[in-house]
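Report on the structure given below.
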Amino acid sequence: MVLDANWATKWLTLCAQAMAANRVYLIELDRAIGDSDHGENMDRGFQAVLEKLAETPPETPGAALKLAAMALMSKVGGAAGPLYGTAFLRASTAVGDALEVDPEAWARALTAARDGIVARGKAEAGDKTMVDAWTPAAEAAQAAVARGTGNILEVLVAAAEAADAGAVATDPLVARKGRASYLGERSAGHRDPGAASSALILRAAVEAAA
Ligand code: ADP
Ligand code: MG
């Protein structure tokens, strides 16, 4: 399996499908601790990504990530739009104009995405935000590369599973950033919507390669 432009296109297409399929789920999560719009925001954003993909098929994974960044930045809105836009843009820069994403590049891309989200939103790990999905994902990818795995699917799976566990682990946390932080202690006992959508995005990356 090589992570080329076809993989990236399939990944973003599967992201759009996942956001449509989980629209109500993400709305319900955001209803509990936010303003109920996260599912709508993400669905709209990734539909815009699909339109751009059809208009200008990307020739490299980096170009696909950049196209996604632009569409998400302009169409998602809310807090998540600029954060996802920054994440995809930093990931695009991290993979450069290579024709394929190898394990090292995927670890670099996830780390750059996480760092971009932190730079933009100033949240730390444990603040009950999407950072709690991206940080373990980046660390799991780095760890897989450090173990010496040359198997890209293994790195993708490690990152996706870590993001999923990270999203689940936001349940008991008290939000310290974003709209959910207005609820204080009452934000505990609910999953962070942005961490949940982040986990869906990284799971789609696996499915596109499987
Ligand atoms: P809004 O909060 O403006 O309604 P969304 O509902 O689309 O925007 O997105 C909410 C998600 O954005 C949260 O669940 C959280 O994961 C993420 N988020 C909000 N603020 C921050 C921040 N400062 N840093 C990182 N992520 C954040
Ligand atoms: Mg919201």
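The opening residue of the sequence shown carries number 1282 in this note's numbering; numbering runs sequentially from there.
Where a beta carbon is used, it is the ideal one built from N, C-alpha and C, also for glycine.
None of these values were measured; they are calculated from a predicted model.
Taking the straight line between their C-alpha atoms, what separation do you get for GLY1377 and LEU1307? 32 Å
DSSP on VAL1426, reduced to helix/strand/coil? Note: VAL1426 maps to helix in three-state DSSP.
Let me know the secondary structure DSSP gives VAL1438 once reduced to three states. helix
Heavy atoms of the ligand MG versus C-beta positions, residues under 5 Å: Every residue whose Cβ sits closer than 5 Å to any heavy atom of the ligand MG is listed here in chain order: ASP1311, GLY1315, ASP1316, ASP1318, HIS1319.
Identify, in the order they occur along the chain, each residue of the same chain with its Cβ nearer than 6 Å to the Cβ of ASP1324, setting aside the five sequence neighbours on each side. Here the set comprises MET1300, ALA1301, ARG1304.
Kindly give me the distance between the Cβ atoms of ALA1352 and SER1373, rounded to whole angstroms, as I take these residues to be in contact under 8 Å. Going by Cβ atoms, the distance from ALA1352 to SER1373 rounds to 12 Å, so no, they are not a contact pair.
VAL1382 by DSSP, collapsed to three states: which one? strand
Check whether the segment 1405-1413 touches the segment 1423-1434, taking contact to mean three or more Cβ pairs, one atom from each stretch, closer than 8 Å. No, the segment 1405-1413 is not in contact with the segment 1423-1434.
Local Cβ density within 10 Å of THR1337, reported as buried at 16 or more and exposed below that: Around the beta carbon of THR1337, a 10 Å sphere encloses fewer than 16 other beta carbons of the protein chains shown; the residue is thus reported as exposed.
Look at GLY1447 and ALA1424 and say whether their C-beta atoms are less than 8 Å apart. no
Under 8 Å between the Cβ atoms of HIS1319 and LEU1331? no
Go ahead and label MET1282 buried or exposed: buried means 16 or more other beta carbons lie within 10 angstroms of its beta carbon, across all protein chains shown. exposed
Checking the sheet assignment: what are the DSSP bridge partners for LEU1331? Paired residue(s): none; LEU1331 is not in a bridge.
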